[in-house]
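Just so we're aligned: the sequence shown equals residues 5 to 374 in my numbering.
Quick reminder that beta carbons are idealized off the backbone N, C-alpha and C, glycines included.
What you are looking at is a predicted structure, and each value in this text was computed from that prediction instead of being measured.
Notes to accompany the following structure.
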Amino acid sequence: MRSPFAQIITIIILVMMLGGWAISRLEVPPVGEPQLAEGNNPFWWAIVTMTTVGYGDFAPKTPEGRLLAIVIMFAGISLTALLTATVSSIFVAKRIREDKGLETLNTTDHILLCGWNRMVDSLVDSLQSMNESGKLDIVLINDETEDAISAIRNKYGNVKFRFVRGDFTREAILEKANLEKAKTAIILPNEGLETGGHPDEKTIFATLTIKTMAPSCRVVAYITERDNLTHIRRANADEVILSDDFGAYMVASHVIDPGVPQTMESLLDSHQPGTLKRVSIPEEFVGESYNKLFDHFRSKRWVLISVYSEDEQIGIGEILSSDSSALDAFIERKLKEAGHSLGDENKTAVVVNPTDDYVIKENERAVVIQ
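If you want it as structure tokens, here you go:
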């Protein structure tokens with residue numbers, strides 16, 4: 005079945021052709037005057053009359069021709085209004101579907117924010133303040149209410165939000181969010197799962213799905229329990245954040261080392277001066293000592309904290325099979341007894357405060373207090 009837009013266009017063309025043909029039969033110019041088809045194309049006259057532009061190229065003189073012109077005028081006004089309303093309704097319907105999270109997106113180079121909890125607000129705030137490119141596209145994938153989505157959209161007007169409603173572990177939902185063209189996927193643990201399952205289970209499953217569909221998409225996964233580190237590493241997450249680690253450290257620091265947590269809060273506050281920043285290392289310092297690079301940044305009133313590189317490392321946990329066999333359990337237990345980590349390997353290798361004679365390698369970057 006044709007769309008309303010195509011039907012209206014078809015009717016407009018038919019009215020134009022019938023009107024042009026009819027006027028060429030009803031209006032016969034006197035001898036000596038140019039014929040209607042000569043410089044006064046009847047179809048051009050019909051479309052001009054329908055749109056009420058009225059260039060004055062030709063005006064009917066017979067009563068029949070004028071009556072036909074009136075009919076064409078009213079038909080044109082009605083069809084033009086109907087066409088405008090149809091086009092508007094198409095865009096309005098598309099916008100409503102987007103707001104409800106039902107539309108397939110075609111955005112590219114965006115960030116997928118999968119899941120919803122109390123961290124979303126502060127996370128978006130940090131992304132906005134730390135973003136230096138001027139463009140920040142975030143696609144939200146969750147089952148939150150329209151009021152909650154509208155609230156965060158209104159709060160961060162400089163961020164371009166898109167919304168896809170549904171379960172972010174489903175391939176169809178991820179395809180709607182154009183996962184293949186996304187640059188990063190952030191997976192947050194949902195608060196209060198309807199199924200009663202552990203939130204880390206959904207995070208691991210989502211990581212597996214995303215990495216299967218789009219291996220090049222960078223996945224940053226939040227988990228709530230350390231016991232699940234091995235499983236999330238096996239799912240091939242690029243970065244894993246254990247949600248309770250930092251909080252426990254900050255509480256202990258307030259008790260044991262007052263001043264340390266306050267310094268950490270200042271360094272991690274993206275709205276304050278003197279925050280942690282990632283910067284590129286100038287090519288002339290590749291192969292030079294860490295001490296020279298430190299002095300270079302110090303001349304800019306920056307403090308060099310660490311250097312890092314992104315490596316493809318394989319954790320011991322990834323070598324084990326994907327099932328929970330008795331052999332795997334035995335190997336894991338023996339490795340833990342020997343003091344080996346199963347899941348703490350990170351694909352981003354960081355060297356904090358190396359020795360002065362540490363040699364800067366190619367493709368390394370620096371983290372500074374700026």
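Check: According to the neighbour-count rule (16 or more other Cβ atoms, all chains shown, within 10 Å of its Cβ), is H275 buried or exposed?
Finding: exposed
Secondary structure of V311, DSSP reduced to three states: strand
**Prompt:** Looking only at C-alpha atoms, which of R230, G23, T53 and I177 sits nearest to L117?
**Reply:** I177
Notebook entry, point to check: Going along the chain, which residues of its own chain have a beta-carbon closer than 7 Å to the beta-carbon of D204, five neighbours each way excluded?
Noted result: P193, I227, T228, E229 and N232
Can you tell me where the alpha helix (DSSP H) holding V163 begins and where it ends?
Segment: none, V163 is in no alpha helix (DSSP H) and carries neither H nor E.
Output needed for E68: all residues of its chain with C-beta closer than 7 Å, excluding positions within five of it in sequence on either side, in chain order. L30
Report task. Identify whether I245 lies in helix, strand or coil by the three-state DSSP scheme. Result -> strand
Taking its Cβ as the centre, do 16 or more other Cβ atoms sit within 10 Å of K180, making it buried, or is it exposed? buried
message: Please state the DSSP three-state secondary structure of T88.
response: helix
query: Is the Cβ-Cβ distance between I142 and K164 less than 9 Å?
result: yes
Original post:
Okay, do the region 164-175 and the region 204-213 touch, 3+ Cβ pairs below 8 Å being the bar?
Top reply: yes
Buried versus exposed call for P385 [16 or more other C-beta atoms within 10 Å across all chains shown] = Any answer about residue 385 is impossible in this case: the structure gives the chain only from 5 up to 374.
**Message:** Checking 9 Å against the spacing of the C-beta atoms, do I156 and L140 come in under that value?
**Reply:** no
Quiz prompt | Residue closest to Y294, alpha-carbon to alpha-carbon, out of A210, I94 and K365 | solution = K365
Q.
I'd like the list of long-range same chain contacts for E148, defined as Cβ closer than 7 Å, with 5 residues on each side in sequence excluded.
A. W120
message: Measuring only the C-alpha atoms, how far is S130 from T211?
response: 23 Å
**Prompt:** Whose C-beta lies closer than 8 Å to the C-beta of L271 among residues of the same chain, with five residues either side of it excluded?
**Reply:** G278, T279, L280 and I373
If we count Cβ pairs, one from each stretch, closer than 8 Å, do we get three or more for the region 86-99 versus the region 9-21? yes
Closer than 8 Å by C-beta to L183: which residues in its own chain qualify, once you throw out the five before and the five after it? Chain order, please.
-> L116, A189, I214, M217, A218 and C221
Buried versus exposed call for G301 [16 or more other C-beta atoms within 10 Å across all chains shown] | Residue 301 is actually Phe in this sequence, not Gly. F301 comes out buried.
Original post:
Among all the DSSP beta bridges, which residues are the ones paired with F167?
Top reply: L144
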